[in-house]
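Residue 397 in the UniProt record's numbering sits at position 397 of the sequence shown, with consecutive numbering throughout. Think of the CB as a built atom: it goes at the ideal place given N, C-alpha and C, for glycine as much as any other residue.
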Amino acid sequence: MSAPAVVDPVAAVDELVRASAPGLPTPPNPGGPVLVAGPGWAGVTAVRDALARLLPDREVSESPTEAAPELVVFVVSAAAPLTPSDCAVLDAAAAYTDAVLGVISKIDLHRGWRDILHRDAEILAAHDDRYRGLRWVGTAAAPELGPPRVDELATAVTDVLADPATACRNRLRSWATVLTAAAGDLQRRAERPRARQRDLIARRRELVARTRLARVESDVALRRAVQQTRIRLGSRVAGRCAALRAELSVVAAMTPRRMLAGFTDTAADRAAAAFGELDDEISVQLTRLSERLGLPVPPAGRTPDPPVLPAPGRPARHLETRLMWALGGGFGLGLAWTSSRAVAGLAPALTGLGMLFGLLVGLVAGCWVVTARLLLAQRAALDGWLSSAVAELRSGMERLVAARLLAAEAEWSCAAARRRHQRADAAAEELRELDARARECAGEAAETAAESGRVLAGIEAALAVVGKELAPRDEEIGN
């Protein structure tokens, strides 16, 4: 009679899993060393040295190898409970190994190590159900107080390695890790096209909103700039007219009578010069504004003619003139009488000459009074005419500002409309490209989802088989 065939537990697990989902990646090869891992300053090296000395027929290592370890000895210090980073160290070390032994070190220095042990067991159980019921031992591999205490550690390691189910469960845990990673990779690969599609849709919304906002901002910026320029030029017009009025008033007050006739021409020349300066100022302002808005400079067009100032009127002042002659004559007669009496009193022999002298002085004084009064009246009339002339000039300047700005705004609006049309065409082209890419991503997402769904179904079936095989021992440990 032949001896019964020896069943390889690793091959049996591989066959079981591949029967559920063929074509899966292979886990790391078994047969690795006993891996001693743990956070820094936990005494990992001391425990490794102790195990290497106690188990000379076993390979003990602190560093992971390409092969999956037979057993993970997780060493923590009795000084403080575990932290999330310590749990992450255990997860990385025991990713392809189900056999895990918890070791709390430095028990020679910490009398309350058993409380820390219970707390660590609770933390690991809450971190992952696979660590629920994990076996723990206390050790003092390199004690500072008393002899080493490693016998229980050696016994626990030997028991775990001697368990015939260890190899099978380690392989099952390797498959569980590989299958979980493969499922995550498939889900992430299926999510990438959908993420790109969502990104393209978000970019499309942003482009549409940005295009609409740019149109509104362009219109608002144009109107605001035109209104600000209109206010600024209006202030310049008011200030220039006020200054011109003051200058011409001073000139009129100092102009002699023989030059009063040419004052209107002087005022007209000054007004034309101010009008031309305003036209040049408008051109400068429009050029600067065009550069700021990024729009073409509007054409200046024909230089407008300055406004025609009203001719000074010749008011009828007959009554005032007669009154002025009467007052001047009375003043002259009075002065003549006074002068003749003064001469007669000083020199009675010259009474006749005194009367002649008095008449001459009275005539000159009366004529001077009448002439001075006429000059003042003419200057007052010119001052009144200046008010109406400057008002007419200001009205003409305001019309010039309004006309130039209206023409410039119309030109800028047309240019802005053309620019918006070009940008709209570019945005529409970009939208079409985004839509095409989004449709491609949608198709790719559908294909990837279908393919991933088929593969994922096999992976989930294999995970179910692995979980079913791991469950009995987990339930036993949990109980």
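Taking a C-beta distance under 9 Å as the contact criterion, alanine 190 and glycine 138 do not qualify as a contact pair.
Rounded to the nearest whole angstrom, the CA to CA distance from leucine 55 to valine 150 is 12 Å. Residue pairing by DSSP places isoleucine 104 opposite Val76, Gly138 in a beta bridge. Going by beta carbons, leucine 82 and valine 75 fall outside the 9 Å limit. Looking only at Gly112, Leu124, Ser174, the smallest Cα-Cα distance to glycine 31 is reached by Ser174.
Within the segment 200 to 281, no complete beta strand (DSSP E) segment of 3 residues or longer occurs.
If you check the CB distance, threonine 97 and asparagine 29 do not come in under 9 Å. Distance from the CA atom of glycine 40 to the CA atom of leucine 117, rounded to whole angstroms, is 18 Å. Comparing alpha carbon positions, the residue from Ala428, Ala181, Leu456, Glu469 closest to arginine 210 is Ala428.
9 Å or more divides the Cβ of arginine 58 from the Cβ of proline 84. The criterion of a C-beta distance shorter than 9 Å is not satisfied by alanine 167 and valine 60. One Cα belongs to glycine 146, the other to aspartate 108, and the distance between them is close to 7 Å. Judged by DSSP secondary structure, proline 296 falls outside any alpha helix (DSSP H); it is assigned neither H nor E. One Cα belongs to leucine 463, the other to valine 157, and the distance between them is close to 28 Å. The beta carbons of alanine 125 and arginine 132 sit closer together than 9 Å. Annotation for valine 36: the continuous beta strand (DSSP E) segment containing it runs 32 to 37. Beta-bridge partners assigned by DSSP to arginine 149: Ala140.
Between alanine 408 and leucine 278, the C-beta spacing is not below 9 Å.
With a contact defined as Cβ atoms closer than 8 Å, glutamate 398 and valine 237 qualify at about 6 Å. Between leucine 309 and alanine 246 the beta-carbon gap is near 17 Å, outside 8 Å, which marks them as no contact. If you compare the alpha carbons of Leu179, Arg232, Ser283 with that of valine 466, the shortest gap goes to Leu179.
For the pair aspartate 163 and alanine 68, the CB atoms are not nearer than the 9 Å cut-off. If you check the CB distance, serine 452 and leucine 213 do not come in under 9 Å. Close CB contacts of glutamate 411 within its chain, under the 6 Å cut and outside five residues either way in sequence, are with Pro298 (chain order).
A straight line joining the alpha-carbon of alanine 42 with that of glycine 112 spans about 16 Å. Apart from the 5 residues on each side of it in sequence, valine 220 has no Cβ closer than 7 Å to any other Cβ in its chain. In the DSSP assignment, serine 61 is bridged to Leu35. By the Cβ-count criterion, lysine 106 is buried, with 16 or more other Cβ atoms from all chains shown falling within 10 Å of its own Cβ. At least 9 Å separates the beta-carbon of alanine 449 from that of isoleucine 201. Taking C-beta atoms as the reference points, alanine 426 and arginine 230 fail to come closer than 9 Å. When only Cα atoms are considered, alanine 461 and proline 27 end up about 17 Å apart. Judged by beta-carbon spacing, glutamate 62 lies beyond the 9 Å limit of arginine 53, meaning their Cβ atoms are not closer than that value. Distances from the CA of alanine 457 to each of Val13, Leu24, Glu15 were compared; the closest alpha carbon is that of Leu24.
Under the DSSP definition of a beta bridge, leucine 71 partners with Val34. Taking C-beta separations shorter than 6 Å and ignoring five residues to either side along the sequence, the partners of arginine 196 in its chain run Cys441, following chain order.
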